[in-house]
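Sequential numbering from 87 applies to the sequence shown in the numbering used here.
Even for Gly, the Cβ is constructed at its ideal location relative to N, Cα and C.
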Amino acid sequence: QVQLAESGGGLVQPGGSLRLSCAASGFTFSSRVMSWYRQAPGKQRDVVAFITVGGGTSYADSVKGRFTISRDNAKNTVYLQMNSLWPEDTGVYYCNFYPPSYNSWGQGTQVTVSS
């Protein structure tokens, strides 16, 4: 059974940084493309970044140059380093496959960027 557990969210001031983690289990992590998604208040859930099996990355235009996705296959964990955070980055962040699996959404982790 696929399990994805996000952590690392919190309240941060504009310009601050956070590092999100997603611990994965129940599947062969190293063979799957992994992604981070964000759901802002009142909006649909959108992809923020994804990382391929080989380590290639892709980012939404809104986070390019500020966010970095990475993975540690030995720890079955995918990370999202978020720098220079803006209020518009506020939302619940989820990890999942890319494209996402409907049955694999976790609880997400709340990120609030506010002064």
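Around V149, the same chain offers V134 and A135 as residues with beta carbons nearer than 7 angstroms, after the five sequence neighbours per side are excluded. The alpha-carbon of G194 is positioned some 5 angstroms away from that of E92. For F113, the three-state secondary structure derived from DSSP is coil. Contact fails between the stretch 183 to 190 and the stretch 161 to 168, because fewer than three Cβ pairs, one in each stretch, are under 8 angstroms apart.
Boundaries of the beta strand (DSSP E) harbouring Y165: T163 to M168, taken from the DSSP string. Shortest Cα-Cα distance from K129 to any of E174, C181 and T143 involves E174. Assigned with DSSP and collapsed to three states, S190 falls in helix. Closest in C-alpha terms to T143, from the list A126, W122 and D132, comes W122.
Scanning its chain for C-beta atoms nearer than 6 angstroms, with the 5 sequence neighbours on each side dropped, one finds around Q167 the residues R105 and T154, in chain order. D175 carries a helical assignment under DSSP once its states are collapsed to helix, strand and coil.
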